[in-house]
Amino acid sequence: MSDDTGSESGERSAGFVITAKRDGAWTFLLLRHRGDGHWAFPKGRVEDGEDELEAATRETTEETGIGDIQPIPGFCVETSYRFRRDERQVSKRVTYFLAEAARGAVRLSDEHQESRWLGAEEAAELLTYEESRRVLECALRHLA
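Quick note on my numbering: the sequence shown kicks off at 272 and runs consecutively.
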């Protein structure tokens with residue numbers, strides 16, 4: 272829990288690495304955040320009463336407009352990192368799942384300014400954070 276002394280608080284988020292096959296190769300959906308412009312996979316906070324998979328599904332649908340998400344069994348990767356918000360240190364744990372979705376038009380939420388379907392190499396180059404690149408590498412190994 273966080274208090275007025277700047278101590279650490281914890282958050283849980285969940286998301287999907289969304290993939291689709293195109294011409295025999297996997298492509299991945301990345302979203303560009305409106306605030307700082309970073310590129311990432313769809314994800315968001317786990318709400319009370321939700322498990323991580325439910326939160327990942329809800330957040331992905333909210334952020335992309337994609338309703339037909341088909342989770343790929345056996346993939347679950349957790350990352351954690353720290354950042355500062357309002358003079359407080361926040362520890363965040365993110366659980367990622369892998370899912371296939373029909374490649375098509377994305378309807379972005381207000382949080383995002385752009386989306387792209389990219390091949391693995393392009394996605395790795397565009398992802399802003401190293402944690403996201405590691406998640407992509409795990410997804411590629413799982414899909415192989």
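Ideal placement from N, C-alpha and C gives every residue a C-beta, glycine not left out.
Query, Result
"So T335 and P313 are supposed to be a Cβ contact under 8 Å. How far apart are they, rounded?", "6 Å"
"State buried or exposed for S386, treating a residue as buried only when at least 16 other CB atoms are found within 10 Å of its CB.", "buried"
"Can you say whether A373 is buried or exposed, counting buried as having 16 or more other CB atoms within 10 angstroms of its CB?", "exposed"
"Return the residue from the list D322, L407, R412 that minimises the CA-CA distance to A285.", "D322"
"Need the endpoints of the beta strand (DSSP E) that R353 sits in, please.", "340-356"
"Of all the options K363, F346, G338, T366, which has the alpha carbon lying nearest to the alpha carbon of A376?", "G338"
"Pick helix, strand or coil for H309, following the three-state DSSP scheme.", "coil"
"What number of angstroms, rounded off, separates the C-alpha of P344 from the C-alpha of E318?", "23 Å"
"Report the option in R356, A291, E358 whose CA atom is closest to the CA atom of L411.", "A291"
"With DSSP collapsed to three states, give me the class of R283.", "strand"
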